[in-house]
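*Asks:* Going down the list, the protein sequences come from chains P and B.
Per my numbering, residue 1 is the first one in the first sequence, and the count goes up by one each step.
Per my numbering, residue 1001 is the first one in the second sequence, and the count goes up by one each step.
Sharing a structure below in structure tokens format, with a few things to ask.
Protein chains: 2
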Amino acid sequence: MGKVITGATMSLDGFIAGPEESGFDLLFQWHGNGDVEIPLAGADLPPLRISAASAELIRHEWEGIGALVVGRYLYDLTSAWGGRHPLDVPTVVLTHNRPADRPEDDENFVFVTDGIEAAVAKAKELAGDRNVVVNGGQMARQCLEAGLLDEVGVELVPVVLGGGKTLFGELAGAPVQFDGPVTVVQGSGVTHLRYRVRK
Amino acid sequence: MGKVITGATMSLDGFIAGPEESGFDLLFQWHGNGDVEIPLAGADLPPLRISAASAELIRHEWEGIGALVVGRYLYDLTSAWGGRHPLDVPTVVLTHNRPADRPEDDENFVFVTDGIEAAVAKAKELAGDRNVVVNGGQMARQCLEAGLLDEVGVELVPVVLGGGKTLFGELAGAPVQFDGPVTVVQGSGVTHLRYRVRK
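Have a look at this one:
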């Protein structure tokens, strides 16, 4: 059985998006500042070009991913990533209402309308013995609150955004303690940190 | 000439104090979870007991500190640390009004009433060729905004506080980018990160 993991690129002051969806250029500089090319699935996305240290970690982790859980907001914001998620795995979209243009689930997107536990269960079924990755923000918050989350990954970048969207949103039950970091990898302009959720 | 540095123990979600001055027990667990004892100056404070990795870094850094700059809020909150700051160096207190019980400056505390630039200048004078450390929060914010800050140190701990006081408060001019981390040291339950401010 795989693990349930959330992860995000985060500013030094704790934001995964700046005010009014700004700051992505600064947050994701590490996606383009290295020598190792990692192709992405989906339509028209340039490959990542990251440091060797980042690439070694990220490649290993991506191979372990069997399915994703994202919210409807991100699905809409990215226009369904042009048809398939860049990580090239089936993606469970938690939503109140199935999109009108997607009457059926397929190998790219599965829609779940009855809550985070059902979404994670569906993703686990799709992932088999590989891991489920849950998107940061509201999805991660709901997973952590429901006791479904096993690990948290933070790609910490040296920028102060001053506001925006946080990794766990308006988390109920804070403070919450993690164990670790169990992994610390220094890339170029990014520090990869991995924590375990205490059960 | 020394550097001007700020540093703080910070939660994974970016807070140096939790809601209503809570969370210090969680933030500072790393001060008591190791084998290496580091004595503190001042009245009745127990020594730090930190990991060997943390101790090696912290000892080296503390030896380089020549003076501190703190705000009046912290000075009052700690009751002047019982008479001398635990780091055992002269401390410049930025305040609107000198405390009535301190008509004169002495070797422990110097009061500056005409702004952050004057406070840092005074601390540099006291520090000689050693470094000046500026307290996190409002002091760090004012220093960064005034272009006075050279380095930022974060002791990142695996706790989510969900709210509170941030490292740079309500920073004007965000986003701000740093270089680094130039140092990453993994202690026990804490990750020591050091960044350089871009000039």
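Backbone N, C-alpha and C fix where the C-beta goes; we use that ideal spot for every residue, glycine too.
#1: Report the residue from P:Leu74, P:Arg84, P:Arg141 whose alpha carbon sits nearest the alpha carbon of Ile116 (chain P).
#2: Applying the 10 Å Cβ sphere with the 16-neighbour rule, what's the burial state of Asp1013 (chain B)?
#3: So which of B:Ser1051, B:Gly1042, B:Ala1041 has the shortest CA-CA distance to Gln1029 (chain B)?
#4: Could you check where the beta strand (DSSP E) with Leu1040 (chain B) kicks off and where it finishes?
#5: Would you please verify whether the beta carbon of Glu21 (chain P) is less than 9 Å from any beta carbon of chain B?
#6: On the criterion of 16 or more Cβ atoms from any shown chain inside 10 Å, does Phe111 (chain P) qualify as buried, or is it exposed?
#7: Please report the straight-line C-alpha distance between Arg130 (chain P) and Ala123 (chain P), rounded to a whole angstrom.
#8: Quick one: list the residues of chain B neighbouring Gln177 (chain P), beta-carbon separation under 7 Å, in chain order.
#9: As a quick exercise: from P:Leu68, P:Gly147, P:Ala174, pick the residue whose alpha carbon is nearest that of Gly1163 (chain B).
#10: Counting beta carbon pairs with one atom in the segment 1179–1191 of chain B and one in the segment 1140–1156 of chain B, are three or more of them shorter than 8 Å?
#11: Measure the alpha-carbon distance for Lys1003 (chain B) versus Val1132 (chain B) and round it to whole angstroms.
#12: Going by DSSP, which residues form a beta bridge with Ala1080 (chain B)?
#13: What does Leu57 (chain P) touch in chain B if you count any residue whose Cβ is under 7 Å from its own?
#14: Which ranges would you report for the alpha helix (DSSP H) in the segment 1050–1104 of chain B if only whole runs of at least 4 residues count?
#15: Is the Cβ of Ser11 (chain P) closer than 9 Å to any Cβ of chain B?
#16: Spatial neighbours of Phe1109 (chain B) within its chain, please: C-beta separation below 7 Å, excluding the five flanking residues on both sides.
#17: Flag this pair as yes or no: are the beta carbons of Gly189 (chain P) and Asn33 (chain P) separated by less than 9 Å?
#18: So that I know if they touch, is there some Cβ in chain B lying closer than 9 Å to that of Glu61 (chain P)?
#19: Beta-carbon separation of Leu1193 (chain B) and Val1134 (chain B) under 9 Å?
#20: Taking Val1036 (chain B) as the reference, give the member of B:Pro1047, B:Leu1026, B:Tyr1195 with the closest Cα.
#21: On the premise that Leu1087 (chain B) lies in contact with Ile1065 (chain B), defined as a C-beta separation below 8 Å, what is that separation, rounded to the nearest angstrom?
#22: Taking Arg145 (chain P) as part of the alpha helix (DSSP H), name the residues at either end of that continuous run.
#23: What first and last residue would you give for the alpha helix (DSSP H) that runs through Val120 (chain P)?
#24: Below 8 Å on the Cβ atoms is my guess for Leu1171 (chain B) versus Val120 (chain P); work out the distance and round it to an integer in Å.
#25: Could you check what DSSP says for Pro181 (chain P) in three-state terms: helix, strand or coil?
*Replies:* Answer, in terms of the structure:
#1: In the first sequence, residue 116 (chain P) corresponds to position 116, counting from 1. Minimum Cα distance to Ile116 (chain P) is reached at P:Arg141.
#2: Here residue 1013 (chain B) is taken as the residue at index 13 of the second sequence, counted from 1. Buried is the call here.
#3: Against the second sequence, residue 1029 (chain B) aligns to sequence position 29. Checking every option, the nearest Cα to that of Gln1029 (chain B) belongs to B:Ser1051.
#4: Translated into positions along the second sequence, residue 1040 (chain B) becomes position 40. Taken as a continuous stretch (DSSP letters only), Leu1040 (chain B) belongs to no beta strand (DSSP E), as it is neither H nor E.
#5: Position 21 of the first sequence holds residue 21 (chain P). Not an interface residue.
#6: What you label residue 111 (chain P) is simply residue 111 of the first sequence in a count that begins at 1. So Phe111 (chain P) counts as buried.
#7: Mapped onto the first sequence, residue 130 (chain P) falls at position 130. Mapped onto the first sequence, residue 123 (chain P) falls at position 123. Looking at the two C-alpha atoms, the distance is approximately 10 Å.
#8: Reading the first sequence from its first residue, position 177 is the one you call residue 177 (chain P). Result: Leu1026, Pro1158, Val1159.
#9: Here the question's residue 1163 (chain B) lines up with position 163 in the second sequence. Minimum Cα distance to Gly1163 (chain B) is reached at P:Ala174.
#10: yes
#11: Counted from its first residue, the second sequence places residue 1003 (chain B) at position 3. Counted from its first residue, the second sequence places residue 1132 (chain B) at position 132. If I take the Cα positions, the gap works out to 6 Å.
#12: The residue given as residue 1080 (chain B) occupies position 80 in the second sequence. In the DSSP output, where bridge partners are listed per residue, Ala1080 (chain B) has none listed.
#13: Position 57 of the first sequence, counted from the first residue, corresponds to residue 57 (chain P). Under the 7 Å cutoff, chain B gives no residues; its nearest Cβ is about 14 Å from Leu57 (chain P).
#14: 1052–1063, 1072–1077
#15: Here the question's residue 11 (chain P) lines up with position 11 in the first sequence. Output row for Ser11 (chain P): interface = yes.
#16: For the purposes of this step, residue 1109 (chain B) is taken as the residue at position 109 of the second sequence. Same-chain partners within the cutoff: Ala1080, Thr1091, Val1093, Arg1102.
#17: Numbered from its first residue, the first sequence carries residue 189 (chain P) at position 189. Numbered from its first residue, the first sequence carries residue 33 (chain P) at position 33. A contact, by the Cβ cut-off of 9 Å.
#18: Within the first sequence, numbered from 1, the residue matching residue 61 (chain P) stands at position 61. Glu61 (chain P) does not count as touching chain B.
#19: Numbered from its first residue, the second sequence carries residue 1193 (chain B) at position 193. Numbered from its first residue, the second sequence carries residue 1134 (chain B) at position 134. Their beta carbons are not under 9 Å apart, which means Leu1193 (chain B) does not touch Val1134 (chain B) by this criterion.
#20: For the purposes of this step, residue 1036 (chain B) is identified with residue 36 of the second sequence, where counting begins at 1. Cα-wise, what sits closest to Val1036 (chain B) is B:Pro1047.
#21: Here residue 1065 (chain B) is taken as the residue at index 65 of the second sequence, counted from 1. Here residue 1087 (chain B) is taken as the residue at index 87 of the second sequence, counted from 1. Rounded, the Cβ-Cβ distance is 6 Å, consistent with contact.
#22: Here the question's residue 145 (chain P) lines up with position 145 in the first sequence. At residue 145 (chain P) the sequence reads Glu, which differs from the Arg that was named. Residues 138–145.
#23: Position 120 of the first sequence, counting from 1, holds the residue named residue 120 (chain P). Segment 116–127, the alpha helix (DSSP H) holding Val120 (chain P).
#24: Counted from its first residue, the second sequence places residue 1171 (chain B) at position 171. Counted from its first residue, the first sequence places residue 120 (chain P) at position 120. Their Cβ separation, rounded to whole angstroms, is 36 Å, which puts Leu1171 (chain B) and Val120 (chain P) out of contact at 8 Å.
#25: Residue mapping note: residue 181 (chain P) aligns to position 181 of the first sequence, counting from 1. Residue state, collapsed to three classes: strand.
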